[in-house]
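Working notes, beginning with the structure itself.
See the structure below:
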C-alpha cells in the first residue's frame with residue numbers, strides 16, 4: 396500500500412462546471428504532484444507543490460489550479476470543465492529532490508458530459 | 019523539452035518466455051530514467067530507475083533495464099515472465115536536477131498467457 400489516498404474515486408460533471416479533487420500524501424512526504432492520464436495515454440504532468448508553493452507546471456491552462464496545505468495534503472481544482480478534461484487524475488507524493496520515486500494514489504476518474 | 023516513445027502498445031507473451039519492452043527517449047540535456055508498472059486496479063509503482071552509476075539496473079522481481087546513451091534507449095527485459103507480470107508498463111524521464119517532474123511514455127500493456 397502506497398499511503399497516498401485520493402477522493403473521490405469517480406465523479407461525473409457537465410461542461411462548464413467546476414471540480415475539486417483531493418489527495419492525502421504519504422506520511423513524511425513534502426512534495427505533491429498531479430498528473431492527468433487520458434484513456435490510452437501515459438500520465439501528463441500538471442503541476443507540483445512543495446511546501447505549499449507551486450514548484451513547476453506542465454502545459455495546462457490556468458483553469459487548472461492547486462493548493463497544498465500545511466499537512467502536505469493537496470487539492471486540484473479545474474474550472475470551466477471541457478469534454479477533453481475527462482481523464483484519470485493521479486496524485487503522487489514524494490520527498491523533495493531527485494529521488495525519482497513517486498508514490499501514486501489510485502486516481503480520481505473524472506467524466507465530463 | 020524531453021519526450022519518451024514506447025513503440026509497442028501491447029506485447030503478448032507466453033509464461034516463462036523472455037520479454038523486452040522498448041523505450042526510447044529524446045532530450046537535449048541529461049536525464050534520469052524510470053520504469054513504472056500499473057497492475058490492474060492499482061496505482062502506478064516504481065519498478066526501477068537509473069540515476070547514475072552502472073547502466074544496468076535491476077528490480078526485485080527479476081526485471082532489468084539498461085541505459086544506452088548512444089541509442090537513447092532504456093529497454094526493459096525479463097528472461098522469464100510470470101502470469102503475475104501482466105500489467106501496464108510506463109517508461110518515464112526527468113531532467114537531472116528537475117525535481118521529480120516526470121515525462122511518461124504512452125505505456126505498453128504486457129499480457130502474459132499460459
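Protein chains in written order, with our numbering: chain A, 396 to 508; chain B, 19 to 132.
Think of the CB as a built atom: it goes at the ideal place given N, C-alpha and C, for glycine as much as any other residue.
Keep in mind the model is a prediction, meaning the values are calculated, not measured.
Check each residue of the segment 67–98 of chain B: if its Cβ is closer than 9 angstroms to any Cβ of chain A, include it; give the result in chain order. 67, 68, 69
With a threshold of 8 angstroms, are at least 3 pairs of Cβ atoms found where one atom belongs to the segment 424–434 of chain A and the other to the segment 480–493 of chain A? yes
Could you name the residues of the segment 42–65 of chain B whose beta carbon sits closer than 9 angstroms to any beta carbon of chain A, in the order they occur along the chain? 50, 51, 52, 54, 56, 59, 60, 61, 62, 63, 64
Close Cβ partners of residue 491(A) (< 7 angstroms) along its chain, the five nearest in sequence each way excluded: 425, 426, 445
Using a C-beta cutoff of 8 angstroms, does residue 39(B) count as contacting chain A? no
Short of 8 angstroms in beta carbon distance, which residues of its chain neighbour residue 396(A), apart from the five on each side in sequence? Order them along the chain. Bear in mind that the predicted position of residue 396(A) carries a pLDDT of just 47, short of 50, making it unreliable; the figure below should be weighed with that in mind. Taken in chain order, the list of residues that qualify is empty.
In whole angstroms, what separates the C-alpha of residue 434(A) from that of residue 125(B)? 11 angstroms
Tell me whether the segment 26–38 of chain B and the segment 57–65 of chain B touch, counting them as touching only if at least three CB pairs, one residue from each stretch, are closer than 8 angstroms. no
For residue 407(A), which residues does DSSP report across the bridge? 506(A)
What residues from chain B crowd round residue 493(A), counting only those whose CB sits closer than 8 angstroms? 50, 69, 112, 114, 115, 116, 117, 118
Contact defined as beta carbons within less than 8 angstroms: I believe residue 129(B) pairs with residue 20(B). What is the distance between those atoms, to the nearest angstrom? Not a contact, Cβ separation roughly 29 angstroms.
Is the Cβ of residue 121(B) closer than 8 angstroms to any Cβ of chain A? yes
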